[in-house]
């Protein structure tokens, strides 16, 4: 989820009245603003639909991946990833209703309680998304070990170590995000307000106005102290530690996995020329490994597409100045949010499309009792029919 986009949306009304017309676009021109203005009216409905679908999809992922026949380190990581994505999407639903869909008087929309919720949302989504990033990198490392060092896979990627890594991610990520917690504060603003929540300098306008106290989420005094030290540290941690470094690591691991797939294809061609039973068995294992690796590569690719741009924009916001953040980062806040939500919701479709075991387990788990269980393929070696479950 894009850092500060929630707070930026909450403080947009107050900032518009104080900064409008004071600066000239330096980094991002009218096209960026046009993109923001064109998409923003659709963001509420789009995000709500994606979150509803993603909540159901990730719940199904958890139900399937926690089945006894799905027990494996890889599936444990995917389960932890689904839990983090589910929590983020469930929390994003009330935020979407509050910020984009519900029309209420400004005194109701901008209360202290709702401002506190927006600040909580900004922190919660950042922590949840950081956990997802941690687990995605872990997934790539585990898969690379399975492909490149299969002789050490059981030892290095045991279930016990996998659970420890997952729990570590859920404990460490909230600590990494500590600078975020101190970067925002709730600021009251008193003045003449119209029905849209816009402040007016006088009551001479044709639009009816009234006195009101509205509460906004804004950058805290601590984040702006010492020449914006905490503000800069926050963006450096967000862009480099949470985004860019994981993306670089995932890019390298993905390329290594692609090379491993090509090597596996060459080995299969050699095994195909042999008619021994051992070669056939190894050939089946190679194909199973390739299917798993291709599916996880698709997960990693979607992650890179959504995360790399956010990391670059966050880094530029730290390297340049607040004008870049106001012009470019805020303008793309909703776009980055919907891409992150889409990435969190799409894994269920990938599992169904690319994992036969996931489809089989899902079918058995949710098939009505009156429908017959589908016939599974025969073993072919001993004449018995078995239910074969492979890792996702």
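Residue numbers (our numbering): 72 to 463.
Idealized CB from N, CA, C, for every residue including glycine.
Just so you know, these numbers come straight off a predicted model, no measurement behind them.
- Sequence-distant partners of residue 230 (beyond 5 residues in either direction) whose C-beta falls short of 7 Å from its own C-beta, in its chain, are 144, 147.
- When only Cα atoms are considered, residue 427 and residue 200 end up about 28 Å apart.
- Rounded to whole angstroms, the Cβ separation of residue 219 and residue 409 is 35 Å, and the two are not in contact under 8 Å.
- Annotation: the continuous beta strand (DSSP E) that includes residue 256 extends over 255 to 264.
- Closest option to residue 244, judged by alpha-carbon separation, among 186, 295, 314: 314.
- Counting other Cβ atoms within 10 Å of its Cβ, residue 132 reaches 16 or more and is therefore classed as buried.
- Excluding its 5 nearest sequence neighbours in each direction, residue 154 has C-beta neighbours in its own chain below 8 Å: 129, 133, listed in chain order.
- According to the DSSP assignment, residue 294 belongs to the alpha helix (DSSP H) that extends over 292 to 307.
- Remark: C-beta atoms of residue 299 and residue 251 do not approach each other more closely than 8 Å.
- The region 252 to 260 and the region 288 to 305 touch, with no fewer than 3 CB-CB distances between them shorter than 8 Å.
- A straight line joining the alpha-carbon of residue 422 with that of residue 228 spans about 21 Å.
- CA-CA distance, residue 376 to residue 139, rounds to 33 Å.
- Around the CB of residue 217, 16 or more other CB atoms lie within 10 Å, so the residue is classed as buried.
- The DSSP assignment places 177 to 180 as complete runs of the alpha helix (DSSP H) inside the region 152 to 206, in order along the chain (cut-off: 4 residues).
- Assigned with DSSP and collapsed to three states, residue 281 falls in strand.
- For residue 289, the three-state secondary structure derived from DSSP is strand.
- Ranked by Cα distance from residue 186, the first of 329, 309, 259 is 259.
- A Cβ-Cβ distance of about 5 Å is found for the pair residue 103 and residue 402, placing them in contact under the 8 Å criterion.
- Under the three-state reduction of DSSP output, residue 109 falls in the helix class.
- Under the 10 Å beta carbon count, residue 434 is surrounded by fewer than 16 other beta carbons and is classified as exposed.
- Here residue 432 is buried: its Cβ has 16 or more other Cβ atoms, across all protein chains shown, within 10 Å.
- If the five residues before and after residue 164 are omitted, its C-beta is found closer than 6 Å to the C-beta atoms of 122, all from its own chain and listed in chain order.
- Per DSSP, residue 419 is one residue of the alpha helix (DSSP H) stretching across 418 to 425.
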